[in-house]
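Residue numbers (full-length UniProt numbering): 1 to 355.
A virtual CB, placed ideally from N, CA and C, is assigned to each residue, including glycine.
Given the structure is predicted, the values throughout are model-derived calculations rather than measurements.
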Ligand code: NAD
Ligand code: DAU
């Protein structure tokens with residue numbers, strides 16, 4: 001029986017990872033460490049709540065004593081680190097929490113992991129892994145004709161969010177180089193899928209379309225992102241955890257570059273087919289709003305290292321993944337209602353006052 005300590009396992013990607021792991025590995029146990037910020041939602045974990053294989057701890061990754069106790073009690077073979085402040089717009093409005101969790105929190109977790117790892121016997125220490133989940137945003141912004149980001153693209157973060165993630169990546173790298181901690185780092189592109197908090201583009205557009213609200217597209221809508229279905233990200237992380245080379249970084253992407261406007265049009269067309277309005281198209285709700293400050297123009301990711309070395313490939317196309325996602329939101333109005341807490345409503349009122 002293996003034990004994994006997962007941070008941020010009540011968030012979007014973390015909850016998908018936890019559910020997926022426990023579905024596949026019946027003998028394993030996950031210790032899920034999450035502060036439950038506005039983005040953490042235990043309802044996403046309903047399928048595993050109460051199971052002894054899922055131990056939930058409401059803990060801040062900045063709390064060293066609590067991390068030490070969790071590691072000593074549960075003795076995990078790996079740490080998978082998702083916990084972060086993750087929304088770029090929030091990092092522009094209020095960067096402090098991003099420095100605290102993404103930089104100080106990652107540092108605190110690394111220190112706790114280093115101390116724990118240092119006390120393991122040689123065989124266990126050799127097998128231990130610290131997998132750090134990072135983002136393609138640390139590489140900055142591409143021009144229309146630039147090649148996609150590779151693992152050796154220089155860092156050029158442009159928002160407080162991506163700068164804080166870049167800082168955490170550097171700390172992780174240094175813990176391997178200096179102390180020998182067996183780390184792995186992944187850089188993934190934009191995820192979408194079930195349990196995605198509706199402040200991010202895809203769930204925001206689905207939920208606002210269904211509520212009859214304007215669909216706020218920033219700037220000219222021609223910024224480009226690479227999109228990956230969250231289940232494929234989870235498979236990639238499992239693959240890197242099992243077979244990744246210690247100290248290496250791996251890019252993860254879907255080969256699905258789309259402009260924001262293309263994404264919103266496709267979502268509207270899917271909703272027109274799956275939940276038609278009494279009259280007209282959801283496209284009529286699209287509205288162009290003031291651009292995000294410092295808005296990165298294009299992200300694209302070269303995931304060939306992961307494909308070549310470890311044989312990973314995404315299973316979903318953008319079309320199949322997006323259809324599944326829209327259907328999930330149509331089938332789960334209770335989950336959406338539950339996450340739209342008071343704090344979320346305040347954020348929406350501030351951010352989209354003019355939309
Ligand atoms: P999310 O915002 O949905 O979830 C973050 C989770 O971390 C929440 O459950 C929150 O409660 C928890 N958390 C926040 N601060 C904490 C703290 N101090 N201590 C403990 N828990 C804390 O984020 P997500 O979209 O699931 O992203 C997960 C990770 O993946 C992040 O590290 C993010 O940078 C990275 N990532 C995300 C994407 C994406 O498209 N969403 C793409 C690439 C990488
Ligand atoms: O690239 C990986 C990153 O993807 C992750 O590291 C981040 O955690 C994750 O939030 C995401 O960052 P983005 O800024 O790309 O995602 P977001 O959903 O906020 O925005 C996607 C694009 O849509 C971006 O170009 C901004 C635009 N947008 C977003 C919102 C919320 C709009 O046009 N309107 C909106 O209301």
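Should residue 158 be listed as close to ligand 2, given that the test is whether its C-beta is under 7 Å from any heavy atom?
-> Position 158 of the chain shown, counted from the first residue, corresponds to residue 158. Not under cutoff, so the answer is no.
Any chance the segment 110-122 sits against the segment 157-164, with 3 or more Cβ pairs inside 8 Å?
-> no
Cβ pair residue 209, residue 201 closer than 8 Å = Along the chain shown, one-based indexing puts residue 209 at 209. Along the chain shown, one-based indexing puts residue 201 at 201. Result no, Cβ atoms of residue 209 and residue 201 do not sit closer than 8 Å.
Exposure of residue 190, with buried meaning 16 or more beta-carbon neighbours within 10 Å | On the chain shown, position 190 is the one that residue 190 refers to. It counts as buried.
DSSP state of residue 160, grouped into three classes?
-> The residue labelled residue 160 in the question sits at position 160 within the chain shown. It is helical.
Starting from the C-beta of residue 27, find all residues in its chain whose C-beta is less than 7 Å away, skip the five residues before and the five after it, and write them out in chain order.
-> As a position in the chain shown, residue 27 is number 27, starting the count at 1. Correct list, in chain order: 1.
Which of helix, strand or coil DSSP assigns to residue 200 | For this step, residue 200 is matched to residue 200 along the chain shown. Here residue 200 sits in coil by DSSP.
Once you ignore the five residues that flank residue 176 on each side, which residues in its own chain have a CB closer than 6 Å to its CB?
-> In the chain shown, counting from the first residue as 1, residue 176 sits at position 176. The residues are 183 and 247.
What residues match up with residue 188 in a beta bridge as DSSP calls it?
-> By one-based count along the chain shown, residue 188 stands at place 188. Paired residue(s): 135 and 252.
Note the first and the last residue of the continuous alpha helix (DSSP H) segment covering residue 81.
-> The residue given as residue 81 occupies position 81 in the chain shown. Element bounds for residue 81: not the alpha helix (DSSP H) but the beta strand (DSSP E), 78-81.
Buried or exposed (CB count within 10 angstroms, at least 16 for buried), residue 337 | Residue 337 sits at position 337 when you count from the first residue of the chain shown. It is exposed - the Cβ of residue 337 has fewer than 16 other Cβ atoms within 10 Å.
Excluding five sequence neighbours on each side, which residues of the same chain lie with their C-beta closer than 6 Å to the C-beta of residue 207?
-> The count along the chain shown starts at 1 and reaches residue 207 at position 207. Contacts found: 198 and 336.
Just how far apart, CA to CA, sit residue 264 and residue 205?
-> Along the chain shown, one-based indexing puts residue 264 at 264. Along the chain shown, one-based indexing puts residue 205 at 205. Spanning the two alpha carbons is a distance of roughly 7 Å.
For residue 299, is the beta carbon positioned less than 7 Å from some heavy atom of ligand 3?
-> As far as ligands go, the structure on display features ligand 1 and ligand 2 and does not contain ligand 3.
What do you reckon, is the C-beta of residue 214 under 7 Å from a heavy atom of ligand 2?
-> Translated into positions along the chain shown, residue 214 becomes position 214. Because no heavy atom of ligand 2 lies under 7 Å away, the Cβ of residue 214 does not count as near it: no.
Alpha carbon to alpha carbon, how far is residue 232 from residue 313?
-> Position 232 of the chain shown, counted from the first residue, corresponds to residue 232. Position 313 of the chain shown, counted from the first residue, corresponds to residue 313. Distance between the alpha carbons of residue 232 and residue 313: 8 Å.
According to DSSP, which residues form a beta bridge with residue 259?
-> Within the chain shown, residue 259 is the residue found at index 259, counting from 1. BP columns for residue 259 point to 224.
Can you tell me whether DSSP reads residue 42 as helix, strand or coil?
-> If you number the chain shown from 1, residue 42 lands on position 42. It is helical.
Consult DSSP for residue 91 and reduce its assignment to one of helix, strand or coil.
-> For this step, residue 91 is matched to residue 91 along the chain shown. Looking at residue 91 - three-state DSSP - the assignment turns out to be helix.
Please report the Cβ distance between residue 230 and residue 13, rounded to the nearest whole angstrom; I am assuming they are in contact, meaning their Cβ atoms lie under 8 Å.
-> As a working note, residue 230 is residue 230 in the chain shown. As a working note, residue 13 is residue 13 in the chain shown. Indeed they touch by this definition, with Cβ atoms about 6 Å apart.
Bounding residues of the beta strand (DSSP E) (the contiguous stretch that carries residue 31) = Walking along the chain shown from the start, residue 31 turns up at place 31. It spans 29-34 - the beta strand (DSSP E) in which residue 31 sits, taken as one unbroken run.
From residue 311 to residue 73, what distance separates their C-alpha atoms?
-> In the chain shown, the residue the question calls residue 311 occupies position 311. In the chain shown, the residue the question calls residue 73 occupies position 73. Distance between the alpha carbons of residue 311 and residue 73 is about 35 Å.
Would you say residue 76 and residue 5 are within 8 Å of each other, going by their C-beta atoms?
-> Position 76 of the chain shown, counted from the first residue, corresponds to residue 76. Position 5 of the chain shown, counted from the first residue, corresponds to residue 5. Yes, Cβ-Cβ distance for residue 76 and residue 5 is below 8 Å.
Would the segment 131-148 and the segment 294-304 be scored as touching if the rule is three or more Cβ pairs under 8 Å?
-> yes
Name, in chain order, the residues that DSSP records as bridge partners for residue 4.
-> Numbered from 1 along the chain shown, position 4 holds the residue referred to as residue 4. In DSSP, residue 4 forms a bridge with 30 and 78.
Cβ neighbours of residue 127 in the same chain (closer than 7 Å, five flanking residues each side left out) | Here residue 127 is taken as the residue at index 127 of the chain shown, counted from 1. Within the same chain, and ignoring the five residues on either side of residue 127 in sequence, the residues whose Cβ sits closer than 7 Å to its Cβ are 77.
Quick one, are the C-beta atoms of residue 217 and residue 287 less than 8 Å apart?
-> Taking the chain shown and counting its residues from 1, the one referred to as residue 217 is at position 217. Taking the chain shown and counting its residues from 1, the one referred to as residue 287 is at position 287. Taking 8 Å as the Cβ cut-off, residue 217 and residue 287 qualify as a contacting pair.
Out of 25, 3, 38 and 43, which has the shortest C-alpha to C-alpha gap to residue 15?
-> Residue mapping note: residue 15 aligns to position 15 of the chain shown, counting from 1. Per the Cα distances, 43.
Name the DSSP beta bridge partners of residue 301, please?
-> As a position in the chain shown, residue 301 is number 301, starting the count at 1. Residue 301 pairs with 149.
Are there three or more Cβ pairs, one per stretch, closer than 8 Å when the segment 56-65 is compared with the segment 35-42?
-> Contact holds between the segment 56-65 and the segment 35-42, because three or more Cβ pairs, one in each stretch, are under 8 Å apart.
Pick out the complete alpha helix (DSSP H) segments inside the segment 278-348, 4 residues or longer, and give them in chain order.
-> 304-310, 318-331 and 333-339
Which term fits residue 260, buried or exposed, when burial requires 16 or more other beta carbons within 10 angstroms of its beta carbon?
-> As a working note, residue 260 is residue 260 in the chain shown. Residue 260 comes out buried.
Range covered by the beta strand (DSSP E) that runs through residue 55 | Start at 1 with the first residue of the chain shown, and residue 55 comes out as number 55. 54-58 is the extent of the beta strand (DSSP E) around residue 55.
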